[in-house]
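Working notes for the structure below.
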Amino acid sequence: MFVGRNVPHDSARGHVTGDSIYVDDMPRLANELQVGFFWSPVAHGRIRSLDLAAARAIPGVVALFTHDDIDGENRFGPIFADEPLLAPGELSYIGQPIVVIAAESREAFEKARRAIVADIETLAPIFTIDDAIAAKAFIGARKTINRGDDAAAIAAAPHTIEGVFHSGGQDQFYLESQAAIAIPGENGTITVHSSTQNPSEVQDVIAHVLGVSQSQVVVVTRRMGGGFGGKECQATHPAAIASLVAQKTKRPARIAYTKDEDMVVTGHRHPFQNRYRVGFDDAGRILGMEVDFYSDGGAFADLSTAIMARAMCHAENAYYIHDIAISGTVCRTNSTPNTAMRGFGGPQGVATMENIVEEIAVKLGRDPFELRRLNCYGIDDRNTTPYGAVVENNTIPRIFDELVTTSDYARRRDEALRFNRESKTRLRGIALTPVKFGISFNTTFLNQANALVNIYRDGTVQVSTGATEMGQGVNTKIAQMVADELGVELSAVRMMVTSTEKNNNTSATAASTGSDINGGAAIDACRKLRARLADCAMTLLADPGDPRAQSAASIVIRDGVVFDARRPEKTMTFADLVHAAHRQRVSLGERGFYATPLIHWDVEKFAGRPFLYYTMGAAVSEVEIDRFTGMMRLMRADLLMDIGSSINPGIDRGQITGAFVQGMGWCTTEELRYTAEGELLTHSPTTYKIPNIQDLPEVFNVAWIENDTNTINTKGSKAVGEPPLLLAISVWAAVKQALMSVAGGRVVPLKLPATNEEIATRIATIVDA
Amino acid sequence: MRDHLELYLNGREVRVAGADAFRTVASWLREVRGETGTKTVCEEGDCGACTVLVGAPRGGAIDYVPVNSCIQLLFQLDGKHVVTVEGLRLGDELSAVQRSMVDHHGAQCGYCTPGFVVAMTALRESNATVSGRDAREALTGNLCRCTGYDPIIEAALDMTGGHGKSLDELYAPAPIAEALEAASDSVRIDSGSRTFFAPASHHDALEFLAAHPETVIVQGATDFGVQSNKRSLRPDVMMTLSRLDGLDAISIEGGTLVVGGRATLTSLERFSEGRVPSLHAILRLFGSPQIRNAGTLAGNIANASPIADTVPFLFVCEAELELESVRGRRVVGINHFYKGYKKLDKAPDELITRVRVPLPAAAETVRLYKVSKRRDLDISTFTAAIRMTIGGGRMSGVKIAYGGVAPVVLRLPKTEALLDGREATEGLFREAGEVACSEIAPIDDVRGSKEFRLLLARNVLMKFFHEEIAGGPTARSGGAR
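Keeping their order, the protein sequence lines are chains A and B.
Its first residue numbered 1, the first sequence is counted upward by one per residue in this note's numbering.
Its first residue numbered 1001, the second sequence is counted upward by one per residue in this note's numbering.
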């Protein structure tokens, strides 16, 4: 059996040798054009006129296109079709595409971009959430989740706190920037190689923009050099732009953003600004809570409303709060349209809650962990979320108990507090925070997948699903499932490139659901194939001397060997069985389908069961801070998760360590800084600091509990892509605790990310006070 | 004089003439050679995805170091053996590093992986046994967004499988070194309006500079390459010093550290270990191994950045620069070398041949500070060097230099005067912080606000006081090394 085994990533060999092919590694085609675009230099404005003559005259420049050249619909969007591919007149953010340039070389393209003359009337921009609120500039409707009477509960509570919590944006910082190659075909067809998490959406948008049918567009995704949500919706822009060029020029067209371009023109994780008011008793039990979320959606809707929905569904994190009101509003600003990033609003909701817990603890002079334990969702009671779903398979209490012991939390907390009383140069903080992360797309219909499994006459197998491989190992996990279901060796199973030609109407590989739903679809296909093969095997392995009836149910196919369980001595190979089945005209290809059961979501009332299950975990992080420079170091982190029955422990461990470190970046060093005019300053790794290998803590313990009871999901697993990112909130909380431990019982506001500048500035306010 | 480059790529001889010599190594590999294993991501030497090994022949042997191929120009590799990720396996067999990266899940999306594999190969070449600390140091110049690095460190600790061969076993060094060393003449390549010159003698270098004062010296290219990629910096005339003997020497002569004009930061880091601890500490935080393998001290000085990491140290040591031209040799004190933002007391035809650093006495305290958003591989927000003798309860010989607070690195004479000869007290250092703020003119920029820099200007003095004077050994911060 392969499920549950630590097998290497199916592309690992290619990755370490340099053989793996990414979009921009594909050999240049004869006649191929290099494509890019001229973008809005202002955050808000109106084009008075465009002079393209000089750009057209540059040798090597083949064509320039504006919105006027679009045959189909210029506006598109995954939820609201509000975003133009090419700005028609109004300019809404710096980086917005205006003119597409197709050239024989990158050099000619660069010259043309500089030669375009745009006369632009500048308009007053909106950059902050406060300005958007003042201007009533919103995307979609304000939504609310409500249970009980929060106002009364807070009014009656012995203690209250209130405040505003700020969390910043984050660049996905996939190493492979956005890229696509569009190749025109006959009869108006087009094939597009796209580095996307969402081939079907790319196909849809291309058809929509070019004015052709979806059946004329094939989108192929071999792999991505990282996605992290950034290629869920925003891979569509480069792919559609290259396709426009291919359609108009009848030549292959390649677009590959530079890292700087990518960071400037694509959206990021949403900054949030969340107001909160909370009532609690002497013991620290939260009696009532009111949170009002505002996110910076940027100029266009993209996925902002869905991201807000997930933020709201994670506002209470792991805590049962009966009387609660959660509302969420997406602000429209003149920034890049913000988009999906690992966690998809969940981190912004959970960080707000954990900030609240830290502040309650300091008000009461208590260990925040005691409060977390006290308020945690119950197993059999106090287990209904504000939106009405029951928290099933709740392992957080168990994780708390185990982790608090294995991490030696209590002793280390005492030590840190003592250290802070004594040291004049350094501060320490330690925090234990949980996560409960809902798995399934909030939008119910997206929770479906299909798979195509083809068995060849030599017994080898090709599997195609809508899942896209971005490093997370989804293909490896699906291959493991297929090998087990068909009873073949893992080496007999090959995962094929993702293509809309084989798998139609697929959902994005996102929301951590990739292996759950695509694996589920592949299993469905395998079971149908296996049933047919078992029928063949039943007769092929029949023993005329055995009086018992032939029985498909007793056929065993395992590790490439086939036998009747009642007569295990007589075997045949899987390849022979397949060969024989082919001779008997038995279909050796099958399509599988999966629709996540049990889930439902009322998009108006914001109530229901949006998630099939929850992935849970907790982490303890201990930090040390230089009091003078604000520079912070994570000294030790202990992570404990519930990921159900792991399909591949090596891959899952890598998802946990990777997500945690990425989350640590969001919480600490990753800061998007802009000029007063709205131009992004931090558009490359010299200025935008994702964690480095040296930021990894000296002690990094990663583990998960044994839990084989999540049978509701594929192979009893729990999704692992996003949830561990939220464990890094413990790093931020540890910083907050460190600062508050020397603030004489006062609440110290702390923004997220807690950069060295933010930390040093806060310490200065404590010292001054 | 040759009109083409002579180099080896993965064991095969390659000659390059004309415009390709002016490409970056990464673009040459990917676009000309079609070898796309080497990835380009940031094009500024910050992510390491493009890391390749550059082997320099030396007496029949070849020493390999990892560098960032996205900011190296191909002409810099004349006379070198370049090994890329494609050149590490042996037939179908993976190298020890490749095998370990597969087995430990060191690769997820795979885009950073070639760079890690190459950097880790350099680590394995130089260390028989590898510790977690070694792995972190060797891989500081490589960013990964997927793994959280932990699986990569695991891989680095277990480089035992695969074909197990070293680079010298994969590529017999003697014939390659011999061929490369035989081509010891000077090189001049003209392509369109552009000229590249690699002089074979000191004299030729100075003559060329005199004849072409517009020449840009491209030695490490760790900043030049970035400017070339990001700001289309395309000077017509460029020269490297790589073929000049002697300029890579480092020595201590009568208490003075003498660093040759093309000595790399890596060689200075190695040399200063145990000899100049304060300098060694800051060099370890300078860029990354890839950057230090290419960049030079003279380049860091001549680049004239107000946040150059080595310069505050050179200021408080009152280092001197030796400048040479056909007109002769002169010496300039570094405290007078910077005339304004990126303005130097250096004529276009002058070459920095040596940096002389009178070293502080053992009894003196010298502390260098680097404040950056991320501790490692980050450009500083603020830098400082504080030097003094603390004895008999009084401070003497106080020298303070700050970087990142003005268009050039500054000495703080008023602050120095306030402290000099006085008893060290917390109150005095607090006062010194206020004086320091009056001597600087920081601005808001991408790396920090003006207010933050003013806060740091005060705090760094308090840090010095608490860590070096008031506190015991436990006071020293682990957070900002």
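Backbone N, C-alpha and C fix where the C-beta goes; we use that ideal spot for every residue, glycine too.
| request: Compare the C-alpha of B:A1172 against each of B:E1273, B:G1060, B:G1141 and B:R1194 and name the closest. | output: B:G1060
| Do you know how far the Cα of B:N1335 is from the Cα of B:P1473? | Low per-residue confidence applies at B:P1473: pLDDT is 49, beneath 50, and the placement is therefore not dependable enough to give any value.
| Top-ranked residue by Cα proximity to B:A1221, from B:T1256, B:I1153 and B:N1293 | B:N1293
| query | Between which two residues does the alpha helix (DSSP H) carrying B:Y1008 extend? | reply | Premise fails: B:Y1008 lies in the beta strand (DSSP E), L1005 to L1009, not in any alpha helix (DSSP H).
| request: Could you tell me whether the stretch 283-300 of chain A touches the stretch 139-157 of chain A, using the rule of 3 or more Cβ pairs below 8 Å? | output: yes
| query | What did DSSP end up calling A:A410 once you bin it into helix, strand or coil? | reply | helix
| task | Output the distance between the C-alpha atoms of A:P723 and B:G1261, rounded to the nearest integer angstrom. | result | 52 Å
| message | Counting only C-beta atoms, is A:I766 closer than 8 Å to chain B at any point? | response | no
| said: Would you say B:A1263 lies against chain A (beta-carbon separation less than 8 Å)? | reply: no
| field | Alpha-carbon to alpha-carbon, A:I690 and A:I430 | value | 22 Å
| query | When we look at the beta-carbon of B:I1071 and count the other beta-carbons within 10 Å, is it buried (16 or more) or exposed? | reply | buried
| task | Kindly give me the distance between the Cβ atoms of A:I647 and A:G4, rounded to whole angstroms, as I take these residues to be in contact under 8 Å. | result | 7 Å
| message | Please list, in chain order, the chain B residues whose beta carbon lies closer than 9 Å to that of A:H9. | response | V1102, H1105, A1107, Q1108 and G1110
| message | By the DSSP assignment, the alpha helix (DSSP H) with A:V265 in it spans what residues? | response | K259 to V265
| Alpha carbon to alpha carbon, what distance is there between A:H44 and A:T333? | 9 Å
| field | Any chain B beta carbon closer than 8 Å to A:M631 | value | yes
| Which two residues bound the contiguous beta strand (DSSP E) that contains A:E590? | G589 to A595
| Endpoints, the beta strand (DSSP E) within which B:H990 is located | What is shown of chain B runs 1001 to 1481, which leaves residue 990 of chain B out entirely.
| Separation of A:K231 from A:T196, as counted between CA atoms | 5 Å
| said: Tell me which residues of the stretch 1141-1156 of chain B have at least one Cβ-Cβ distance to chain A shorter than 8 Å, keeping chain order. | reply: N1142, L1143, C1144, R1145, C1146, T1147, G1148, Y1149, D1150, P1151, I1152 and I1153
| request: Would you identify the three-state DSSP class for A:P368, choosing helix, strand or coil? | output: helix
| field | Simplified DSSP assignment, three categories, for A:T395 | value | coil
| task | Just the chain A side, please: which residues come within less than 7 Å of B:A1049 by C-beta, in chain order? | result | L175
| field | Through-space distance from B:G1079 to B:P1175, alpha-carbon basis | value | 13 Å
| query | Got a sec: which bits of the stretch 6-35 of chain A sit with their beta carbon under 9 Å from any beta carbon on chain B, in order along the chain? | reply | N6, P8, H9, S11, A12, R13, G14, H15, V16, T17, G18, D19, S20, I21, Y22, D24, D25, M26, P27 and R28
| task | Within its chain, find whatever has a CB closer than 7 Å to the CB of A:G473; leave out the 5 residues flanking it on each side and keep chain order. | result | H9, N648 and I651
| said: I'd like the span of the alpha helix (DSSP H) that includes A:Q550, first residue to last. | reply: Looking at the DSSP string, A:Q550 is not in any alpha helix (DSSP H), and its letter there is neither H nor E.
| Rounded straight-line distance, which links the Cα of B:V1259 to that of B:S1251 | 7 Å
| task | Can you say whether B:I1443 is buried or exposed, counting buried as having 16 or more other CB atoms within 10 angstroms of its CB? | result | exposed
| message | So A:I58 and A:A118 are supposed to be a Cβ contact under 8 Å. How far apart are they, rounded? | response | Incorrect: roughly 16 Å between the Cβ atoms, too far for contact.
| said: According to DSSP, simplified to helix, strand and coil, what is B:L1323? | reply: strand
| task | Pull out every residue of the stretch 673-694 of chain A whose Cβ sits closer than 7 Å to any Cβ of chain B, in chain order. | result | R673, L681, T682, S684, P685, T686, T687, K689, I690, N692, I693 and Q694
| message | For a quick check, are the C-beta atoms of A:A581 and A:L588 less than 8 Å apart? | response | yes
| field | Neighbourhood of A:V7 by C-beta distance below 8 Å, restricted to the same chain and skipping five residues each side | value | T476, Q480, L490, N648 and G650
| In three-state terms, what does DSSP make of B:N1229? | helix
| In the DSSP assignment, what residue or residues form a beta bridge with B:R1356? | B:V1258 and B:E1320
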